[in-house]
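Participant:
In the numbering used here, the protein residues as written are 626 to 879.
(1) If the criterion is Cβ atoms closer than 7 Å, does the pair residue 632 and residue 698 meet it?
(2) List in chain order: all unbroken alpha helix (DSSP H) runs of 4+ residues lying wholly within the stretch 781–817.
(3) Let me know the secondary structure DSSP gives residue 829 once reduced to three states.
(4) Buried or exposed: where does residue 706 fall if 16 or more other Cβ atoms within 10 Å of its Cβ makes it buried?
(5) Can you tell me whether residue 852 is buried or exposed? The criterion is at least 16 other CB atoms within 10 Å of its CB, across all chains shown.
(6) Is it true that the CB of residue 723 sits closer than 7 Å to the CB of residue 672?
(7) Only counting the same chain, and skipping five residues up and downstream in sequence, which positions put a Cβ closer than 6 Å to that of residue 689?
(8) According to DSSP, which residues form a beta bridge with residue 660?
(9) Give the range of the alpha helix (DSSP H) segment to which residue 853 is assigned.
(10) Would you check if the stretch 801–814 and the stretch 768–785 touch, i.e. whether three or more CB-CB distances between them fall below 8 Å?
(11) Report the residue from 856, 848, 661 whose alpha carbon sits nearest the alpha carbon of residue 862.
(12) Please determine, among 769, 682, 679, the residue with the shortest C-alpha to C-alpha distance to residue 850.
(13) Using the DSSP secondary-structure output, state which residues sit across from residue 747 in a beta bridge.
(14) What is the residue span of the beta strand (DSSP E) that residue 688 lies within?
(15) In the DSSP assignment, what are the bridge partners of residue 721?
(16) On the CB-based measure, 16 or more other CB atoms within 10 Å of its CB, does residue 629 come out buried or exposed?
(17) For my contact list, residue 818 and residue 742 are in at a C-beta cut-off of 8 Å; report their separation, rounded to the angstrom.
(18) What residues in its chain sit with their C-beta under 8 Å from that of residue 674, if we drop five residues either side in the sequence?
(19) Three-state secondary structure (DSSP) at residue 705?
(20) For residue 739, which residues from the same chain have a beta carbon less than 7 Å from its beta carbon, with the 5 sequence-adjacent residues on both sides left out?
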């Protein structure tokens, strides 16, 4: 069987509300040489039922792997082990992308044969403060990349599969900012990476709405400062729940 160009890995935990939107988005992609691997941490909602439903109707291969450890890094690693694509793309379940996303990424990687990459992120809300905050975060990530200290988000992270394998994947001992630790380790080992400003990916404001904007942005700032001045975070600095429990009760998804 011919190897797919992209293997998209999605870790899930109680994502019955958001996962359908992402799986639908992927079914609309103009570029079709990809597979999707969902690694679920034994969700207690209808996430698994949703996946089985979509397995019957999406035009791409959709695999489900159950993983006892409810840990985003370990779940991503498990998905990568099952992947056959030339490139891995790690998505969080609450993001969405335009139908030309994979086409654009494919073209960019053909012109820029990078070992790892990410794209600018846009918060999926018209709230001006949120838009300004995410723009500022994008600029900070871009500047640190120029300084040789790449900051990239695991909600949309692209890796050559063989490079990811050589690095050993995400470090399970890192409790916060495991995505930043991985890309900085990749840079230290001589691998090249870049953040593309286009195409963008959109992420949900659910955590901001549930926990409060100041609280969430402070967690991001605190963890990033810790990484800058002290290195990988191996002790919990704050509570940061994975998955759909970071949404509002009875939240509706458009």
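Here a beta-carbon is modelled for each residue, glycine too, at the ideal position from N, C-alpha and C.
Facilitator: By the coordinates alone:
(1) Residue 632 is not a Cβ neighbour of residue 698, given a cutoff of 7 Å.
(2) Inside the stretch 781–817, DSSP marks whole alpha helix (DSSP H) runs of 4 or more residues at positions 786–792, 803–813, from first to last along the chain.
(3) Correct three-state label for residue 829: coil.
(4) By the 10 Å Cβ count, residue 706 comes out exposed.
(5) By the neighbour-count rule (16 or more Cβ atoms within 10 Å), residue 852 is buried.
(6) No. Outside cutoff.
(7) Answer for residue 689: 663, 676, listed in chain order.
(8) For residue 660, the beta-bridge partners assigned by DSSP are 632.
(9) That run of the alpha helix (DSSP H) goes 838–855.
(10) Verdict: yes, contact present.
(11) Looking at the Cα atoms, 848 is the closest of the given residues.
(12) Put simply, of 769, 682, 679 the residue whose alpha carbon is nearest the alpha carbon of residue 850 is 769.
(13) Paired residue(s): 827.
(14) Its beta strand (DSSP E) spans residues 687–691.
(15) The partner list for residue 721 (beta bridge, DSSP) reads 827.
(16) So residue 629 ends up on the buried side.
(17) A Cβ-Cβ distance of about 6 Å is found for the pair residue 818 and residue 742, placing them in contact under the 8 Å criterion.
(18) Its chain contains 641 as the residues whose beta carbon lies nearer than 8 Å to that of residue 674, once the 5 sequence neighbours on both sides are disregarded; these appear in chain order.
(19) In the three-state scheme derived from DSSP, where H, G and I count as helix and E and B as strand, residue 705 is classed as helix.
(20) Around residue 739, the same chain offers 817, 818, 819 as residues with beta carbons nearer than 7 Å, after the five sequence neighbours per side are excluded.
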